[in-house]
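Residue numbers -22 to -1, 1 to 329, in mature numbering (1 follows the signal peptide of the UniProt record, and there is no 0), belong to the letters of the sequence shown in order.
Here is the structure we will look at, set down as structure tokens.
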Amino acid sequence: MHLTRFIQASASVLLLCSAVGAAPTNSSCTNTLQYFTTRDGARYAYHYHPPQGSNQTFLLLHGYPSWHRDWDTQVAALTAEGFGTLAPDLLGYGSSDKPTDHQAYNGKRIAGHLNELIDHAGLETVIGVAHDFGAMVLSRVAVYHPDRFDKFVFLSVGYRAPGGFFDVDALNAAGLAQIGYMPFGYWYFLWRYDAAAVLRDHLDSFWNLAWPVNTSLWSTQISPLGAARAWLTADTITPDPPYMEPGYKEEWKAWISQPNAMESTLQFHKGHLFGVDDGDDSLLSEEDWMIHVPVLTIGGLNDTTSRPEFMRATERWTAAGYRHVDLEGGHWLTHERSSEVSALLLEFAKE
């Protein structure tokens, strides 16, 4: 389908959803939140739309600090074309369980959970799609359950091959050398003992820092050491971004204010600090890290934290075709460039 006609069709789908009162507060016109409990007792919330006929299903994994609603527009567009969508709240987020022990977020364990969810939905294989921190989760599922995937799409953050300590110091040093600032300086704040309390006590400021009008401000307001804390404790408030769907902010504030929610959303980051995956990673070979299905990466040219050029390192680990696309946007491409992202997903699925 031509891109212009696809965008018009996507807009029509969203208007239809809004007309029946579903899209602003739910991720579909026809589906409600469902729940699934893994064999080891973790409870996940998810939305599932079965595919029509022989069409494939997209497994859609969100990042930090969001939840399944990041995919609202894509769900509407993909299901309108007959494709299935499976969009969970990852462990610690949304309406899923919220353990506050970083050991619960072991990558191999989470990969097993998502493999079980694919089984639970009655699917053999899916197209794996992930944004931001979800890309790191999807990377683990790709390694431990490669037979479940026909293709992969990574948005804003590329594939991360297992193996070795996740060295944020080295990444920040490389960023200083290559782009003039530390792209992940805010991780040091998220690792602090009081991070959850600071974020919770300055929730509106946190919202405007996480979803700014223009994510280019992250190079000065989130990346440098101490910048995120300074922004929050000053209760900095800015206009809300024009790209955000109605109801998203209010629903996000409601679930992230629940008991343990702020703490649980930080555990993926803390797990990397404490090397929660190091033992499992040490048992894998470089061949285990390779991806043997087609891969697409999508970056935002104005994303100052997850720079699109960083994503191209994914190509090293691909053995069955790789393509990278840059869009005129920042970090939140599923919102900022929603129609273009949906069009790319459909095009890639049909290749």
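Just so it is clear, CB atoms sit at the ideal spot from N, CA and C, and this is done for glycine as well.
Problem set entry | Which of helix, strand or coil DSSP assigns to residue 76 | Numbered from 1 along the sequence shown, position 98 holds the residue referred to as residue 76. DSSP places residue 76 in coil when its eight states are reduced to three.
Exercise. Helix, strand or coil for residue 301 per DSSP?
Worked result: Along the sequence shown, read from residue 1 onward, the residue named residue 301 stands at position 323. It is a strand residue.
Exercise. Per DSSP, what kind of secondary structure is residue 12 in: helix, strand or coil?
Worked result: Counted from its first residue, the sequence shown places residue 12 at position 34. Residue state, collapsed to three classes: strand.
Exercise. If you follow the beta strand (DSSP E) that residue 254 is part of, which residue opens it and which one closes it?
Worked result: Locating residue 254 in the sequence shown gives position 276, counting from the first residue. Run containing residue 254: none; DSSP gives neither H nor E here.
For this session: Spell out a yes or no on whether the region 57 to 66 and the region 239 to 257 are touching, meaning 3 or more CB-CB pairs, one atom from each, closer than 8 Å.
Result: no
Exercise. When the Cα of residue 173 is compared with those of 119, 259, 238, which residue comes out closest?
Worked result: The sequence position of residue 173 within the sequence shown is 195, counting from 1. It is 238 whose Cα lies nearest to the Cα of residue 173.
For this session: Return the first residue and the last residue of the alpha helix (DSSP H) that residue 147 is part of.
Result: Locating residue 147 in the sequence shown gives position 169, where the first residue counts as 1. Where residue 147 is concerned, the enclosing alpha helix (DSSP H) stretches over 146 to 157.
For this session: Tell whether a beta-carbon distance below 8 Å holds between residue 103 and residue 62.
Result: In the sequence shown, the residue the question calls residue 103 occupies position 125. In the sequence shown, the residue the question calls residue 62 occupies position 84. No, these two residues do not count as a Cβ contact at 8 Å.
Exercise. Should residue 186 go down as buried or exposed, given a rule of 16 or more other Cβ atoms within 10 Å for buried?
Worked result: Here residue 186 refers to the residue found at position 208 of the sequence shown. Residue 186 comes out buried.
Exercise. Start and end of the beta strand (DSSP E) containing residue 121?
Worked result: On the sequence shown, residue 121 is found 143 positions in, with the first residue counted as 1. Looking at the DSSP string, residue 121 is not in any beta strand (DSSP E); the run it does join, the alpha helix (DSSP H), is 111 to 122.
Exercise. Is there contact between the region 123 to 133 and the region 269 to 282, where contact requires at least three CB pairs shorter than 8 Å?
Worked result: yes
Exercise. Closest to residue 291 by CA distance: which of 282, 283, 301 is it?
Worked result: Taking the first residue of the sequence shown as 1, we reach residue 291 at position 313. Checking every option, the nearest Cα to that of residue 291 belongs to 301.
For this session: Go through its chain and collect everything with a Cβ distance to residue 178's Cβ below 6 Å, but skip five positions before and after it.
Result: The count along the sequence shown starts at 1 and reaches residue 178 at position 200. So the qualifying residues of the chain are 240.
Exercise. Taking the C-alpha atoms as reference points, what is the distance between residue 321 and residue 296?
Worked result: If you number the sequence shown from 1, residue 321 lands on position 343. If you number the sequence shown from 1, residue 296 lands on position 318. Looking at the two C-alpha atoms, the distance is approximately 23 Å.
For this session: Ignoring anything shorter than 4 residues or poking outside the region 273 to 328, list the alpha helix (DSSP H) runs there in chain order.
Result: 286 to 289, 311 to 314, 316 to 328
For this session: Look up residue 270 in the DSSP assignment and say whether it is helix, strand or coil.
Result: Here residue 270 refers to the residue found at position 292 when the sequence shown is read from its first residue. Here residue 270 sits in coil by DSSP.
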